[in-house]
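Residue numbers (my numbering): 1 to 116.
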């Protein structure tokens, strides 16, 4: 299951049709100029889904979300240790910065403070 997508993109797994709840994260990725591929799954564990997304992404970065939580994962991290975890109640700036940081991981540049 390693890097099975051909287009260089961050792979995002939306569990239970939740993508619209996390639009600020998607905008943060777009701001950094990194493409993403959105795929939908009816159910699943967010952390494991993010790690599987990272494993399938040519850019080695994966995201998964459900209605409560969003997780950013990197292929070279242990499956149980995601890079960022964001709760839905966090403000829109934290969500946007999480998207920026997922893209910055791809670029290899410093992360933004989630609450700056």
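All residues carry an ideal CB built from backbone N, CA and C; glycine is no exception.
Cβ neighbours of residue i in the same chain (closer than 6 Å, five flanking residues each side left out)
i           : result
residue 86  : 70, 98
residue 95  : 24, 25
residue 62  : 11, 50, 53, 54, 73
residue 41  : 13, 15
residue 114 : 94, 97
residue 8   : 58, 59
residue 39  : 13
residue 84  : 72, 98
Rounded C-alpha distance that separates residue i from residue j
i           : j           : result
residue 82  : residue 47  : 7 Å
residue 107 : residue 35  : 12 Å
residue 19  : residue 43  : 13 Å
residue 17  : residue 31  : 23 Å
residue 79  : residue 33  : 27 Å
residue 66  : residue 109 : 27 Å
residue 56  : residue 105 : 16 Å
residue 45  : residue 6   : 25 Å
Neighbourhood of residue i by C-beta, 7 Å cutoff - its chain only, sequence neighbours within 5 removed
i          : result
residue 29 : 10, 36, 99, 102, 103
residue 27 : 96, 99
Beta-carbon separation (whole angstroms), residue i vs residue j, contact threshold 8 Å
i          : j          : result
residue 88 : residue 68 : 5 Å
residue 76 : residue 60 : 7 Å
Closest Cα partner of residue i within the set the options
i          : options    : result
residue 91 : 78, 79, 22 : 22
Cross-strand partners of residue i (DSSP beta bridge)
i          : result
residue 62 : 11, 73
residue 41 : 15
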